[in-house]
Amino acid sequence: MSQNTLTRRDFVAAGAACAAIAGGAGALSLGSWSPAFGEDDAPANAVQKITLCDGCGNKCAFTAYTVNEKFWRAIGCVGYPTSHGFLCGRGQGYAFLYANENRVKTPLKKNGSGDFEEISWDQACQEIGQRLTAADPGKIALYQSRGNSTFYPKRLMAALGSANCYSDAAIRDAGITATIEGISGAYPAPDVANAKYMVMLDKSTYDGMRPAEMAEFAKMVENGGHVVLVDSRETSFGRICDEWIGVKPGTELAFLLGVAGELVRTGHYNKDFVAANANGFDQFAAAMKGYTLDWAAETTGAETTQISQVAANLWANAPAAFVDMPWAGTLGSGFANSADTVRMIYLINAMLGCFNQKGGWLFPDAPFVSDEMLAEKGIPQLTTDAPIITYADAPLVWGDSIIAAFEQMQAGNLTQMIVVEGNPVLDVSNGNGVKEALGKLDLLVVLDSFMTETALLADYVLPLSTFLERTDTIVTASGANAVAGLRTPVLTNTEVDGKSIPDAICALAAGAGLEAAFPFTLDDYNRANAELMGISYEGLLREGISAIPGSDAQLGTMPHLRTASGKIDFASPTFEAAGLSAVPTWTSPAVEAVNGSLRLMVGQEVVFQDTFCDASPYLMTLAEKYQLQQAWVNSDTAAALGIADGDTVEVSSPQGSLTVPAKVTELIAPNVVWMPAHFGSIYGQAEGTPLFGAAPKPLIAWQLEPGTGAGMMNETAVTLKKVGA
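Heads up: the sequence shown runs through residues -27 to -1, 1 to 698, numbered per mature numbering (1 follows the signal peptide of the UniProt record, and there is no 0).
In structure tokens, the structure reads:
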């Protein structure tokens, strides 16, 4: 696969092209809804208010402009670590969610004929509450995928006597969290703007960066920094990198092992840093010496000179150099070797000594707010001793795997479920298995703003206000420092009887006779958190964001490590106790494309995340304009199958099949079919609207990476054929 290079002059043009989809500084043109205006063009009656985006887990702060109670534009908020004055194309477009009239406008109850009937909130909560309190607490489950106001649903579960709270970590970041907790306990934030050399992985499954990082990336390039993309697909973001090193899917671990081996053999690592802060380095170094450049090249498909050059450049530019560790894609859940891939990223950066160094990894010192601390502020603790029903063979995580939950439903061990802002039928692997599991429940309650494939299966659907219409719990974001943010309403909607997540959960608690579980208001809870962070709650309400005092990363110091050794575990007792190797080791991907099969890889386009983004009319307009639903296929692979660009193809696995148009390109590895994971949904669509694209995750079986229970989302063999051939 060829290497892609750009000059500094090319960067400006390429960046502008990428920004047409990825977003850019200030106000993105929003068609008929909101033209791009300069700061001085705001009407005299425009109302400005800072709130938080909900287009992904970053929850970027932005200034919302409304005119006559209608949304006008969004501008990223300066001073917030994830936005820094920018808002990506997803955030710009997702803000127009409110314009979608296909809302769930009132609580719905499924009748005996399988149709939904409108009912009141009081009736719905009374009936749901009675059924929940009559159930075995150990068989009640919660699934929440988007991380909004999670304190409230989890507290309701504790009040019911259940610990069965599940998230989407197994299909996203389980391996990242498990690895960091297992070897250091310290979470980094990259100092992109000041970096001299950066290696990026996993852009195939998360094609983008936080808006602040995009601005910092531009500054890095302007200052002469060098960026290398190591991936099996050249993404839109990759086109503004200096180099693209193409590798076989699932061999990123081998690439990193080769880099580490070269650093050890040449002695190019920070020996003082390692001596002071590493545990088990000698064992690690001995293992790394066995991973030669020739082996890494043969395994990955990269050239030996490319691998050795990356190692040399990382060391030459250290400590202002690092290997990036992106969240939200499948870096931590893609392959049978994902956890060790993450381990190698962390440990190579430790070898470079880039911790709390300018241009390296920063570790802001944000205050930790515990349940005990909140109790002293009037938010009493509420816990349960009940065990969580999960995997026994995933000891590196804390048991919140939604895949485990669905398997337990099929076995009859979970019989009631509350889903908060999630569409697992399409957003989790094995969609038919998910439907079967949900169909066996005695009670399914879905809280969402729109009808979804999951909501169609529910007994009750409760309408939520959109993120522009509600208040949520306080959050924090980290970069060089930590900043608190608070989402508050910028619009009202009198046509929808929706509630915020905290209000909806409190209503359900009242229906179950559990009002005593919430002897405080949302204001009380947010105020307590703000005071414990050392910030003014009144100021936060007024300004929307507030820097947390004393949280700045301290350059030249070591972050607080939470391992038993008090050091970075290059040889990890935690991994060894979980039945894994103490040091990272090569594990081949679980699937090999043989006998005419291809590897299915799934990912997110730069302006989409999961199917919830389909509810934005503007984002769907972009998707249709740029034909983002296409399945990527290598030119040689397509030619062998008689497939031309634009042909409709059928993608099949033992779990099912789907049809989509093909994008034939040289910018992807052979024997792979890559698909965007977020289309093919009714989410926010008018009834009877033809579906745009197809959802590929239902083609993926339930499968687990040892130790972490991550879903191995890129380990499925599929067949591909031209429709009608």
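Where is the CB? At the ideal position from N, CA and C, for every residue including glycine.
Note that this is a predicted model, so its numbers are computed, not measured.
- DSSP places Ala37 within a strand segment (E or B) once states are collapsed to three.
- In the DSSP assignment, the residues bridged to Glu216 are Val201.
- Here the alpha carbon of Asn252 sits roughly 14 Å from the alpha carbon of Arg316.
- If you look at Phe59, you'll find it in the beta strand (DSSP E) that goes 59 to 61.
- If one requires a minimum length of 4 residues, the alpha helix (DSSP H) runs lying completely within the stretch 77 to 153 are 94 to 107, 124 to 133, in chain order.
- Within the same chain, Val633, Ala635, Val646, Met648 come within 6 Å of Ala604 by CB-CB distance, once the 5 residues on both sides are set aside.
- By the C-beta density criterion, Glu189 is buried, having at least 16 other C-beta atoms within 10 angstroms.
- For Ile318, the secondary structure class from DSSP, reduced to helix, strand or coil, is helix.
- Under the DSSP assignment, Asn607 falls in the beta strand (DSSP E) whose first and last residues are 604 to 607.
- Relative to Ala37, the option among Gly30, Gly406, Val51, Val20 whose CA is nearest is Val20.
- For the pair Ala260 and Thr208, the Cα-to-Cα distance works out to about 33 Å.
- Assignment of Asn250 by DSSP, reduced to helix, strand and coil, places it in the helix class.
- Counting only unbroken stretches of 3 or more residues, the beta strand (DSSP E) elements lying wholly within the stretch 486 to 542 are 518 to 520, in sequence order.
- When the five nearest sequence neighbours on each side are left out, the beta carbons in the same chain lying within less than 8 Å of the beta carbon of Asp109 are those of Thr388, in order along the chain.
- The criterion of a C-beta distance shorter than 7 Å is not satisfied by Gly653 and Ala551.
- Pro649 sits in a strand when the DSSP states are folded into three classes.
- DSSP, read as helix, strand or coil, puts Gly332 in coil.
- A distance of 7 Å or more separates the beta carbons of Ile23 and Gly484.
- DSSP places Ser281 inside the alpha helix (DSSP H), whose first and last residues are 277 to 290.
- CA-to-CA, the gap between Tyr53 and Gln354 works out to about 31 Å.
- Look at the beta carbons and you see the stretch 380 to 399 touching the stretch 421 to 429: at least three pairs across the two are nearer than 8 Å.
- Between the stretch 499 to 509 and the stretch 454 to 473 there are three or more inter-stretch CB-CB distances shorter than 8 Å, so the stretches are counted as touching.
- In the displayed model, Asp421 falls within a strand according to three-state DSSP.
- Per DSSP, the continuous alpha helix (DSSP H) segment holding Ala227 begins and ends at 225 to 239.
- In this structure, Ala114 is the residue among Lys695, Thr357, Cys586, Ala114 with its C-alpha nearest to the C-alpha of Ala377.
- In this structure, Leu571 sits near Leu693, with a CB-CB distance shorter than 7 Å.
- Non-local C-beta neighbours of Glu186 in its own chain, meaning closer than 6 Å and more than five positions away in sequence, comprise Val165, ordered along the chain.
- Tyr170 carries a strand assignment under DSSP once its states are collapsed to helix, strand and coil.
- From the listed residues Val220, Thr303, Met298, the smallest Cα separation to Thr277 is found for Val220.
- Taking C-beta separations shorter than 7 Å and ignoring five residues to either side along the sequence, the partners of Thr152 in its chain run Ala312, Val315, Arg316, Tyr319, following chain order.
- Exposed is the label assigned to Arg535, since fewer than 16 other Cβ atoms lie within 10 Å of its Cβ.
- For Pro184, the enclosing alpha helix (DSSP H) starts and ends at 184 to 195.
- When DSSP reads this structure, Gly404 sits in no beta bridge, so it has no partner.
- By the criterion of a C-beta distance shorter than 6 Å, Pro16 is surrounded in its chain by Val40, once the five residues flanking it on both sides are discounted.
- By a beta-carbon distance limit of 8 Å, Ala455 contacts Ala339. Their separation comes to about 3 Å.
- Around the C-beta of Gly697, fewer than 16 other C-beta atoms lie within 10 Å, and the residue is accordingly described as exposed.
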